[in-house]
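Shown next, in structure tokens, is the structure this report addresses.
Protein chains: 2
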Amino acid sequence: MDYQSYFANQRDEHLKELQEWLSIPSISALSAHKEDVNRAAQWAADTLTRAGLEHVEVHPTAGHPIVYADHLHAPGKPTILIYGHYDVQPVDPLNLWETPPFEPSIRDGKLYARGATDDKGQIFLHIKAVEAILKQEGELPVNVKFCIEGEEEVSSPNLPLFLNDNQEKLAADAVLISDTALLEKGKPAISTGLRGLCSLEVSINTANTDLHSGSFGGGVPNALHALVELLATLHDKQGRVSVDGFYEGVPVLSQDMRDEFAKQNFNEDKLRQDLGLDELFGEEGFTFVERTGARPTLELNGVYGGFQGEGTKTVIPKEAHAKITCRLVGDQDPEYILDRIEAHLIANNPIGAKLTIVKGEKAFAFNTDHSHPMLQKAADAFEKVYGTRALFTKDGGSIPIVATLSHVLNAPAVMMGFGLPDENLHAPNEHFNLENFDKGLLTIVEYLKLV
Amino acid sequence: MDYQSYFANQRDEHLKELQEWLSIPSISALSAHKEDVNRAAQWAADTLTRAGLEHVEVHPTAGHPIVYADHLHAPGKPTILIYGHYDVQPVDPLNLWETPPFEPSIRDGKLYARGATDDKGQIFLHIKAVEAILKQEGELPVNVKFCIEGEEEVSSPNLPLFLNDNQEKLAADAVLISDTALLEKGKPAISTGLRGLCSLEVSINTANTDLHSGSFGGGVPNALHALVELLATLHDKQGRVSVDGFYEGVPVLSQDMRDEFAKQNFNEDKLRQDLGLDELFGEEGFTFVERTGARPTLELNGVYGGFQGEGTKTVIPKEAHAKITCRLVGDQDPEYILDRIEAHLIANNPIGAKLTIVKGEKAFAFNTDHSHPMLQKAADAFEKVYGTRALFTKDGGSIPIVATLSHVLNAPAVMMGFGLPDENLHAPNEHFNLENFDKGLLTIVEYLKLV
């Protein structure tokens, strides 16, 4: 049976299985979900076993477990390490989901659930592609290893140690990753760059108690005033980050790179309209694709303090908080960036405000050479299934572990994304377009046969 | 029996009654508490009836009811209208209360509960003082009217109409109000000024959905960036409000007024230490007492947007919100001030941000002449009970209805406060020092006999 017919026959069963996995709320950031994360890991291990993989193990770590499996019966052929993650982002604001995030639902050819596209849906394709080849042909054309972690959404704190301790076991000729997106429907892309990441939390404390704004207003520091004043110093009015040293290590955008970005023919006006924005906004002199693909950013992800209820409360709040993440490019050092931001905040700290900074995640940006045969063959595989050659792009997101994987294993990272840019990953109503579910299975089979 | 002995005998019963009232969560700002507010009004009416007052009524309004009662059997003697309120502020953050806000508890000679000092505890003193005179002497030395409302904490939207419709019924020679504080333990004060108030809510909307900071960061507006940038324009670094026109109508502080403020011998260093602050903060060139008594202020009471949970969420939030109140002095017009703030926000609105402004409460500041006999006699009454003459002060808080009461009834407002400045009104662990509960009862009896 050809693979298209095989996958068509299996489609209902495959979707049923994936929905089972998606209904496990494996939110790695929230400790209350620790057991759910464990269940999602075990589900992956069981599914790999049923697919015919060997040496399946759920490897405990200091955090969430790593699922490993392999099938190594193609001597003389390349070894492909398939990486993915079974953990997901938090789901709030819950009220904005049209259907509950952990009750998967198919509407209009799209599968809605937290994790549908990021990344359970995409790594599931690899398990089922390998299973298909084994069932159809009894053997694989290459050696395959799976490494599926449960901490990608919290910057993979425990995977580097696992990689270092198991370099031989994980050794591969390429690391294959599906955790990115097509450029748009029908336009496949292979990401040759990912932005780095660093995070911090900032708190301002003033008085030891909330105060009445009548009795004290105008005479004491207000934690919210101090925080907004401080946060407002982080950008200039054109959206450029004002932190001294922030742009150190950011490569100058060459005309070649600009030409490569321009090939995407990205429709900024359509994006603006889709997002309901009056205008896009970012550093002057760069296109949207350049801003997100080749420029760093510092984003406020959350700010809160004082009264949030209905009506008015005349309070001077004693504390206020902000959550910040940066996306980094080129050689920007996340540790150095966090130090520079800390220095900036201390230098600009308003009168009477006690400042606390907690530094969090740190990951370098990643870039790879698109001329490597393992990447060119990925473009060939896309072309066979999608009828059009994949573009090599730079992705604005971060998969903090990719640089480490590629470096420790000394193998190129091949990022074949099957998501779409509007699939609401990290937001309410995350979904996965099933057209790419179907084509993704075929593309992975093609790739494993080509390399 | 002298009044001291009478009140000593009744003390346990009085405290039991007050605690019953305090356990009704009559939060006027929250619609879920509408029935509680009604219960608190009925409780006041029943207590006034039992005290011997006449014509007791719970007067319905478009919002929460007004409780009226009188005792008019002293022909030729002055008529005193006693004003107070039975509604209370919201209670969050609930986790900071040592005992639940609506389970009154006496510790260390202090009665802890929401409303203990603001204002149930203070208006309760008046009911019990009038009851005491009636029980001891069978008649009152003056005519007395009570007007106890349930919307003071939301700026008394419905009392003005009631006042206008009932000018004759409410006519009085003085309006007596206990909703302020002593300067400190043993140092009574009569407030001859209150700050005005206006409020607004500001919202910023950007995209029509929360966005992933990897795929979009640096290329789209972030609602939180826009909000903190906008809010930071409201003050300069010295804490002065930067809104054009904000200081119109603010009187120049005369040397006489500065001398009057200086008489308070206010200990700024002790306040700073009590609040755990490194330094006090406010407009340059003014003392704390001047800043809160004679200068206006614009305070952020709440700011929120994006992720507030545990850990990191790499989201670009689509909306962000702020709650703002101003305290006004002199002739500042709350409506004009709100218009000026609106104009400022529109003029400074960052690129790509959709701004929504909802204007709320509006109240002028109030000032009265301390040489009026009705105020001088209040100082006499304090002197008899506390052994020291009350200072005439300017209060930083707002009782929005005082200006209206005094104006519509053409009578001076006599503000005899029995609270203390550190009793956490509008904050967790609100309480009422029982020393002033005891002395307050005696002071009110003295005052009613003196006028």
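Listed in order, the protein sequences are those of chains A and B.
In terms of the UniProt record's numbering, the first sequence is residues 1 to 451.
In terms of the UniProt record's numbering, the second sequence is residues 1 to 451.
Glycine residues also receive a C-beta, built at the ideal position from the N, C-alpha and C atoms.
Query                                                                                                                                                                                 : Result
What does S213(A) touch in chain B if you count any residue whose Cβ is under 8 Å from its own?                                                                                       : T297, E299, N301, T325, R327, H426
L280(A) versus chain B: which residues are under 7 Å apart at the beta carbon?                                                                                                        : G219, V220
So, helix, strand or coil for L111(A), using DSSP?                                                                                                                                    : strand
If you measure from the beta carbon of I357(A) to each beta carbon in chain B, is any gap under 8 Å?                                                                                  : no
Can you tell me whether DSSP reads K313(A) as helix, strand or coil?                                                                                                                  : coil
Name the chain B residues whose beta carbon is nearer than 7 Å to that of Q308(A)?                                                                                                    : G302, Y304
For H235(B), which residues in chain A fall below 8 Å Cβ to Cβ?                                                                                                                       : H225, E229
Using CA atoms only, rank isn't needed, just tell me which of F392(A), K377(A), A403(A), I351(A) is closest to F364(A).                                                               : A403(A)
Leaving out five residues on either side along the sequence, give the residues of the same chain with a beta carbon under 6 Å from the beta carbon of K384(B).                        : E446
Three-state secondary structure (DSSP) at M1(A)?                                                                                                                                      : coil
Would you be able to state if there are at least three C-beta pairs under 8 Å between the region 180 to 195 of chain B and the region 400 to 416 of chain B?                          : yes
Taking C-beta pairs closer than 7 Å, name the residues in chain B that F288(A) reaches, listed in chain order.                                                                        : G219
Skipping 5 residues on each side, what residues in its chain have a beta carbon closer than 6 Å to that of I399(A)?                                                                   : D179, L194
So what's E98(A) in DSSP terms, helix, strand or just coil?                                                                                                                           : coil
Looking only at its chain, what residues have a beta carbon closer than 6 Å to the beta carbon of V56(A), apart from the 5 residues adjacent to it on each side?                      : A45, L48, T49, A69
With a 10 Å radius around its C-beta and 16 neighbouring C-beta atoms as the bar for buried, classify Q122(B) as buried or exposed.                                                   : buried
In terms of DSSP beta bridges, what is N143(A) paired with?                                                                                                                           : T79(A)
Nearest to I27(A) by alpha carbon, out of L345(A), G150(A), L125(A)?                                                                                                                  : G150(A)
From D380(B), L405(B), D395(B), pick the residue whose C-alpha is nearest to that of G419(B); which is it?                                                                            : D395(B)
Does the region 113 to 122 of chain B come close enough to the region 81 to 99 of chain B that 3 or more CB-CB pairs lie under 8 Å?                                                   : yes
Work out the CA separation of V358(B) and L300(B) for me, nearest whole Å.                                                                                                            : 15 Å
Using only alpha-carbon positions, find the residue among Q273(A), L298(A), P141(A) that is nearest to C198(A).                                                                       : L298(A)
Counting contacts by CB-CB distance shorter than 8 Å, is L277(B) in contact with chain A?                                                                                             : yes
What is the rounded straight-line gap between the Cα of I80(A) and the Cα of V142(A)?                                                                                                 : 7 Å
What first and last residue would you give for the alpha helix (DSSP H) that runs through N222(B)?                                                                                    : Careful: N222(B) lies outside any alpha helix (DSSP H) and carries neither H nor E.
Using a Cβ-Cβ cutoff of 9 Å, what residues of the region 79 to 104 of chain A are near chain B? List them in chain order.                                                             : Q89, P90, D92, P93, L96
Are at least three pairs of beta-carbons, each pair with one atom in the region 272 to 288 of chain A and one in the region 217 to 225 of chain B, less than 8 Å apart?               : yes
Please state whether the Cβ-Cβ distance between A172(B) and K145(B) is less than 8 Å.                                                                                                 : yes
For the region 383 to 405 of chain A, enumerate the residues whose C-beta is nearer than 7 Å to any C-beta of chain B, in chain order.                                                : G396, G397, S398
Just list the alpha helix (DSSP H) runs in the region 326 to 391 of chain B, keeping only unbroken ones of 4 residues or longer that don't cross its boundaries, in chain order.      : 334 to 347, 373 to 386
Could you name the residues of the same chain whose beta carbon sits closer than 6 Å to that of V202(A), not counting the 5 residues immediately before and after it, in chain order? : A322, I357
Is the Cβ of N348(B) closer than 8 Å to any Cβ of chain A?                                                                                                                            : no
L30(B) touches chain A at which residues, Cβ-Cβ below 9 Å?                                                                                                                            : G309, E310, G311
Using a Cβ-Cβ distance cut-off of 8 Å, determine whether S23(B) contacts chain A.                                                                                                     : no
Suppose the cutoff is 7 Å on Cβ atoms and the five residues either side in sequence are ignored; what does the same chain contact list for A207(B) look like?                         : V220, K318
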